[in-house]
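Participant: In this note's numbering, the protein residues as written are 4 to 316.
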Ligand SMILES: NC(=O)c1ccc[n+]([C@@H]2O[C@H](COP(=O)([O-])OP(=O)(O)OC[C@H]3O[C@@H](n4cnc5c(N)ncnc54)[C@H](O)[C@@H]3O)[C@@H](O)[C@H]2O)c1
């Protein structure tokens with residue numbers, strides 16, 4: 004059996020990846036390495052997947068990581084593990100550097116030592132920094148605004164250095180904002196839904212006009228899978244479905260969808276270094292795949308999240 008490491012597989016994107024993609028690779032044993040931070044989903048969600056095993060551990064632990072690589076001789080590593088909440092990175096940046104840079108470096112070192120054939124790093128559009136109309140290409144320089152984005156940018160640069168210095172086969176996907184099931188309640192859309200269900204105030208940063216580009220998580224997982232499993236695809240790939248909405252548009256739509264009072268939405272002091280928008284040029288990935296993205300439908304999304312919420316009560 005072929006062995007693939009999925010680090011951070013219990014997080015929002017990782018668990019969506021496992022639920023969909025492990026069935027398509029029946030000849031692969033997926034070993035999930037996850038520290039089970041507050042952001043991890045309940046491991047029970049993946050308990051019925053036949054070709055998945057869970058190892059609870061930290062990517063920053065050289066001992067844990069190297070012994071796992073020695074045992075399984077992974078042919079592919081897909082790294083979803085990260086600290087991901089921008090607000091937390093403004094109050095506690097050190098854990099971001101530790102996991103997103105040092106932890107990634109441990110994975111790269113183990114991959115080098117044990118001859119991993121392909122390494123895939125899951126990254127973000129936030130590494131480019133704010134766009135005021137410019138569509139960032141994969142070759143553009145990085146200009147991150149938050150400690151989270153800076154740690155992800157450093158991670159991308161480490162990957163590129165391992166490609167160049169050690170000739171490792173590495174791909175990086177930089178995607179826009181994902182939405183879908185199993186996202187932590189700290190993130191914007193789940194937070195809006197949760198607050199409204201509890202009749203609590205919904206805080207909106209600044210004037211609420213900041214845009215985010217919404218990508219269905221399963222679309223991201225499909226493209227990550229296509230790129231990660233293809234040994235010929237390396238380097239950086241932007242992923243976006245080009246569906247931008249402002250924070251206030253999203254909050255009002257969710258409010259209407261739940262039949263709540265719009266007065267629950269309150270503007271609060273803007274976040275430090277809050278980027279207005281991220282725009283990416285996606286011609287590189289479009290030249291590889293003619294992929295049809297899911298259209299962003301707020302009613303459908305809210306229903307999915309509520310159904311999930313009801314199940315977990
Ligand atoms: N969610 C988005 O909209 C989005 C957009 C673009 C890129 N990304 C990137 O995608 C990746 C996954 O994001 P997500 O939203 O699923 O994150 P998440 O915060 O939901 O999950 C992260 C997972 O990593 C695990 N983890 C954290 N530190 C760890 C460590 N030291 N060792 C082992 N496991 C650890 C957590 O327990 C959790 O299960 C991240 O690299 C993120 O930067 C996310």
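Heads up, the beta-carbon is just placed ideally off N, CA and C, and yes, glycines get one too.
When DSSP labels each residue in this structure, what does residue 233 get in the three-state scheme?
Facilitator: In the chain shown, the residue the question calls residue 233 occupies position 230. DSSP places residue 233 in coil when its eight states are reduced to three.
Participant: Helix, strand or coil for residue 147? Go by DSSP, reduced to three states.
Facilitator: Translated into the one-based positions of the chain shown, residue 147 becomes position 144. Three-state DSSP puts residue 147 in coil, outside helix and strand.
Participant: Let me check understanding here. Comparing Cα to Cα, which of 54, 199, 216 and 46 lies closest to residue 26?
Facilitator: Residue mapping note: residue 26 aligns to position 23 of the chain shown, counting from 1. Nearest option by C-alpha distance: 54.
Participant: Measure the C-alpha to C-alpha separation of residue 306 and residue 278 and round it to an integer number of angstroms.
Facilitator: Your numbering for residue 306 matches position 303 in the chain shown. Your numbering for residue 278 matches position 275 in the chain shown. If you take the alpha carbons of residue 306 and residue 278, they lie about 29 Å apart.
Participant: From which residue to which residue does the alpha helix (DSSP H) around residue 96 run?
Facilitator: Taking the chain shown and counting its residues from 1, the one referred to as residue 96 is at position 93. Counting along the chain, the alpha helix (DSSP H) containing residue 96 begins and ends at 96-100.
Participant: May I have a chain-ordered list of the beta strand (DSSP E) segments no shorter than 3 residues that lie completely inside the region 210-255?
Facilitator: The qualifying runs are 214-219, 238-242 and 247-249.
Participant: With C-beta atoms as the reference, is residue 14 less than 7 Å away from residue 122?
Facilitator: What you label residue 14 is simply residue 11 of the chain shown in a count that begins at 1. What you label residue 122 is simply residue 119 of the chain shown in a count that begins at 1. No, these two residues do not count as a Cβ contact at 7 Å.
Participant: Is residue 125 near ligand 1, in the sense that its beta carbon is under 6 Å from a heavy atom of that ligand?
Facilitator: Along the chain shown, one-based indexing puts residue 125 at 122. Checking every heavy atom of ligand 1 against the Cβ of residue 125, one is found closer than 6 Å.
Participant: With respect to the alpha helix (DSSP H) encompassing residue 323, which residues constitute its N-terminal and C-terminal limits?
Facilitator: The chain is shown only over 4 to 316; residue 323 falls outside these bounds and no answer can be derived.
Participant: Spell out the partners DSSP gives residue 124 in its beta bridges.
Facilitator: Within the chain shown, residue 124 is the residue found at index 121, counting from 1. Its beta-bridge partners are 82 and 175.
Participant: For the 8 Å Cβ check, are there 3 or more pairs between the region 142-162 and the region 102-112?
Facilitator: Counting Cβ pairs under 8 Å, three or more are found: they touch.
Participant: Going straight from the alpha carbon of residue 229 to that of residue 205, what length do you get?
Facilitator: Taking the chain shown and counting its residues from 1, the one referred to as residue 229 is at position 226. Taking the chain shown and counting its residues from 1, the one referred to as residue 205 is at position 202. Taking the straight line from one Cα to the other gives about 38 Å.
Participant: Please tell me whether, using a cut-off of 6 Å, the distance from the CB of residue 266 to the nearest non-hydrogen atom of ligand 1 is below it.
Facilitator: Sequence index remark: in the chain shown, residue 266 carries index 263 (1-based). It does not: the Cβ of residue 266 is nowhere closer than 6 Å to a heavy atom of ligand 1.
Participant: Could you work out which residue in 165, 174 and 59 is closest to residue 40 when comparing CA atoms only?
Facilitator: The residue you call residue 40 lines up with position 37 of the chain shown. Among 165, 174 and 59, the Cα nearest to that of residue 40 is on 59.
Participant: Any chance the CB of residue 159 is under 6 Å from a heavy atom of ligand 1?
Facilitator: In the chain shown, counting from the first residue as 1, residue 159 sits at position 156. No, the beta carbon of residue 159 sits no closer than 6 Å to any heavy atom of ligand 1.
Participant: Any idea which residues DSSP pairs residue 139 with across the strands?
Facilitator: Numbered from 1 along the chain shown, position 136 holds the residue referred to as residue 139. Bridge partners of residue 139: 283.
Participant: Quick check on DSSP: helix, strand or coil for residue 205?
Facilitator: Locating residue 205 in the chain shown gives position 202, where the first residue counts as 1. Strand, per DSSP.
Participant: Please state whether DSSP places residue 119 in a helix, a strand or coil.
Facilitator: Along the chain shown, read from residue 1 onward, the residue named residue 119 stands at position 116. Looking at residue 119 - three-state DSSP - the assignment turns out to be coil, as it is neither helix nor strand.
Participant: According to DSSP, simplified to helix, strand and coil, what is residue 6?
Facilitator: Here residue 6 refers to the residue found at position 3 of the chain shown. The answer is strand: DSSP assigns residue 6 an E or B state.
Participant: If you reduce the DSSP assignment to three classes, tell me which class residue 317 lands in.
Facilitator: With the chain running from 4 to 316 in the structure shown, residue 317 is simply not present.
Participant: Helix, strand or coil for residue 56? Go by DSSP, reduced to three states.
Facilitator: Locating residue 56 in the chain shown gives position 53, counting from the first residue. If DSSP states are grouped into helix, strand and coil, residue 56 belongs with the strands.
Participant: Taking C-alpha atoms, which residue in 281, 295 and 130 lies nearest to residue 136?
Facilitator: Taking the chain shown and counting its residues from 1, the one referred to as residue 136 is at position 133. Taking only the C-alpha atoms, the option nearest residue 136 is 281.
Participant: If contacts are defined as beta-carbon pairs under 8 Å, then residue 174 and residue 236 qualify, I think. What distance do you get, rounded to the angstrom?
Facilitator: Within the chain shown, the letter at position 171 stands for residue 174. Within the chain shown, the letter at position 233 stands for residue 236. Contact flag correct, Cβ pair sits at about 5 Å.
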